[in-house]
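Here is the structure we will look at, set down as structure tokens.
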Amino acid sequence: MRSYNPKGGFSKDFIERVIESTDTIAIIGRYTSLKKAGKNFKGLCPFHQEKTPSFSVDPDRGLFYCFGCGKGGNIVSFIMEKEGLSFPEAIEFLAREAGIPIPRRRVISSENEALQNAVETAYDFYRRNLQSPQGKQGLEYLKSREVDEKFARNFGFGWAPFQWDSLASFIERKGLDAKPFFKVGLLIQHKERKGFYDRFRGGIIIPIRNTAERLVGFALRSIPDKSNPDEDKNRPKYINSPESAIYHKSDVLFGLDRARKHIRKMGYAILVEGYFDVLSLWAAGFENAVASCGTAFTRSHANLLARFTDTVVVFYDGDEAGLKATYRAIEPLLKQEMLVKISRPPKNLDPDNVARQWDKEKTAELIENARDWFDFSSEVARESGLFDSVEGKFRFADRIAPYIIALGDSLLGSLYTKRLAKLLDVSKDQIIGRMKKISKKSGNIRQEQNISAKPKSDELPKDARLELDLIARVLSNPMLAEFVHSADVIVLYKGAMEKINSTIMEKGECSPGLLAEYLEPRAMSYITKSILDFSEIPTRADVDTVILSIKKINIDRKLKDLQNELISAREKNDTKKVNDILEKISKLKREKIELSNST
Ligand SMILES: [Zn+2]
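Mapped onto the numbering used here, the consecutive letters of the sequence shown carry residue numbers 96 to 694.
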């Protein structure tokens, strides 16, 4: 198996071409409006809330930095952060923006590559089926749903035939390895005999893509088999791809690959339950709709949405089950400090019906008049008479509790606590007291489930900072690369340093953009700030000072290790080892003195 490849299979030339062709100001300008200020551009920081601009972009060097929150980097790390993408995904994103064709196959391991190929091969098969005579029933179904032919083609539906083995025998005919198809759940193993049969049969195939627009699985909408009505009775309406090495359901929201730019534009997302809710809403012009793929909406999903907006309209089915699911979706969203609004279709309708049967203005009105989750919940409670008794009010407080607790100490949490206190005509402290009791009862499990917690951007340790100081100097003055490289003092960021050195040897300079795959975000920010802070080009003497400090730190680290070894050697009465260590220690101490004298 091929080892992990951080470039995701892209050649160095391709990555450089993409970075060189990228208009940093135009891309970043989509996330915040930038104004020219001297040779740089300034604007409100897209990473933190602020009223006066402290976010600055240097178009010549392709770097950005925020003096408010300390975020910094280049266009690749910017896109990685804002779009929540990996390095190769960000390169793909920028390539698409720059109109550079993306070389095929760019998956991390050959194992995943085989799975990816299986999914795509099957997709080709399903798509061709829909256009063939056996796909006629599929096209008829789409037509009956008034799915526009152009939309259908554009979206890329497929057709899975009614036979048990149409994909399985296709794979056999083509002489392909069935295992990857089995691993992504397209094939199921026979229980009684050898061989496989199809998971998806008799229905419309809906492709599911992740945020990086890569095909990861399918959903099938079953269509009744007219020729075999008995056998057909127990088939579920929807069948979904199972989780696999390339499909993690908690990381995928159906439609987000297409909807995200509309979500940005509109300023909110519409969250629905089903695939056809999304598709019908899109077709009706509400292109900011997404759905979870046949699973409950989780905190990971909320975390995913939070990258694109802070406001979500939950628009679930009009029945009782839809109402329950609506309540369940509120908490994960609030946990991300999102503004949650709720819109409900009339009782026996779902968003799919509404989008197809109502005219656009009426649908828009329903969505735009979505109510704040708190107003919505209290209105439902009032209608059901919950506020007529003390007991009812008490119940209501407990029902709302998980949401208020999810908001924690945040500003929103405080605002809603106040509203609840006012609604029940009690004090804020009484509400807080009750919430504390409930949150203790529901246990600490909650905290463990908090998978979406973002890593704290605390300060880098001294040795890391020194190494990055050195790297920043080399990036600003490529003449220093060979010297720094041969000094061999960079340990923590060895990969980055090797990359810089080889690029500079080859091209004479190195764009900081190439480093996003080797450095973690806070290291990237640190380097960016250093580069922007240099008022003059760094010299050999500047570099010498830093190298010296690193050497001293390295000696100190080794000394500390040796002291520990010494203690354990003495405990074991290992005289020979004790002497060895003492000798090493005195040698290091001499080295340290020599270093100090050399300055
Ligand atoms: Zn900032």
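Every residue gets a Cβ at the ideal spot worked out from N, C-alpha and C, and that includes glycine.
{"query": "With H, G and I counted as helix, E and B as strand and the rest as coil, what does DSSP make of E267?", "result": "helix"}
{"query": "T640: buried (16+ other C-beta within 10 angstroms of its C-beta) or exposed?", "result": "exposed"}
{"query": "State the Cα-Cα distance for the pair L510 and I662, rounded to the nearest angstrom.", "result": "57 angstroms"}
{"query": "Looking at the unbroken alpha helix (DSSP H) that takes in P427, where does it start and where does it end?", "result": "415-430"}
{"query": "Quick one: what's L515 bridged to in DSSP?", "result": "L515 pairs with nothing; no bridge assigned."}
{"query": "Would you say I495 and S571 are within 8 angstroms of each other, going by their C-beta atoms?", "result": "no"}
{"query": "In this structure, how does DSSP classify R466 when only helix, strand and coil are distinguished?", "result": "strand"}
{"query": "Is the beta carbon of L677 less than 8 angstroms from the beta carbon of V638?", "result": "no"}
{"query": "Report all residues for which the CB-ligand distance to some heavy atom of ligand 2 is below 6 angstroms; order them along the chain.", "result": "The model depicted lacks ligand 2 and carries ligand 1 instead."}
{"query": "Buried or exposed: R652, going by 16 or more other Cβ atoms within 10 Å of its Cβ?", "result": "exposed"}
{"query": "Leaving aside the five residues before and after A420 along the sequence, list all residues of the same chain whose C-beta is less than 7 angstroms from its C-beta, in chain order.", "result": "E368, Y411"}
{"query": "Have a look at E338 and D675 and give me their C-alpha separation to the nearest angstrom.", "result": "55 angstroms"}
{"query": "Per DSSP, which residues does D153 bridge with? Please list them.", "result": "L158"}
{"query": "Considering only C-alpha positions, which residue in the set K278, D243, D293, K682 is nearest to S264?", "result": "D293"}
{"query": "What is the DSSP secondary structure of R560, reduced to helix, strand or coil?", "result": "helix"}
{"query": "Is the separation between the beta-carbon of D558 and that of I648 shorter than 8 angstroms?", "result": "yes"}
{"query": "Please list, in chain order, all residues of the same chain as I688 whose beta carbon is under 8 angstroms from its beta carbon, the five residues on each side excluded.", "result": "none"}
{"query": "Can you tell which of S693, R685, E426, A567 has the C-alpha that lies nearest to the C-alpha of M619?", "result": "A567"}
{"query": "Can you tell me whether DSSP reads T147 as helix, strand or coil?", "result": "coil"}
{"query": "For Y292, which three-state DSSP category applies?", "result": "strand"}
{"query": "Please name the residue in G133, G290, L139, N448 whose C-alpha comes closest to that of I123.", "result": "L139"}
{"query": "From the DSSP output, in three-state form, read off Y370 for me.", "result": "helix"}
{"query": "Under DSSP, the beta strand (DSSP E) around L315 begins and ends at which residues?", "result": "310-317"}
{"query": "Suppose contacts are defined by Cβ-Cβ distances below 8 angstroms. Is A379 in contact with T458 by that definition?", "result": "yes"}
{"query": "Report the residue from R490, P497, F349, S534 whose alpha carbon sits nearest the alpha carbon of L519.", "result": "R490"}
{"query": "Under three-state DSSP, which class holds R665?", "result": "helix"}
{"query": "Pull up the CB-CB distance for R355 and F403, whole angstroms please, since I reckon it's below 8 angstroms.", "result": "5 angstroms"}
{"query": "Which one of I462, V584, S644 has the shortest CA to CA distance from M361?", "result": "I462"}
{"query": "Sort S149, T598, S116 by Cα distance to G157 and report the nearest one.", "result": "S116"}
{"query": "So, with DSSP's three-state summary, where would you put N169?", "result": "strand"}
{"query": "Let me check understanding here. Comparing Cα to Cα, which of L310, R316, G297, G312 lies closest to S322?", "result": "G297"}
{"query": "Identify which residue in N383, K269, S345, F371 has its Cα closest to the Cα of T390.", "result": "S345"}
{"query": "Put K646 into one of helix, strand or coil per three-state DSSP.", "result": "helix"}
{"query": "Taking the beta carbon of L506 as the centre, do at least 16 other beta carbons fall within 10 Å, making it buried, or is it exposed?", "result": "exposed"}
{"query": "With C-beta atoms as the reference, is M175 less than 8 angstroms away from A190?", "result": "no"}
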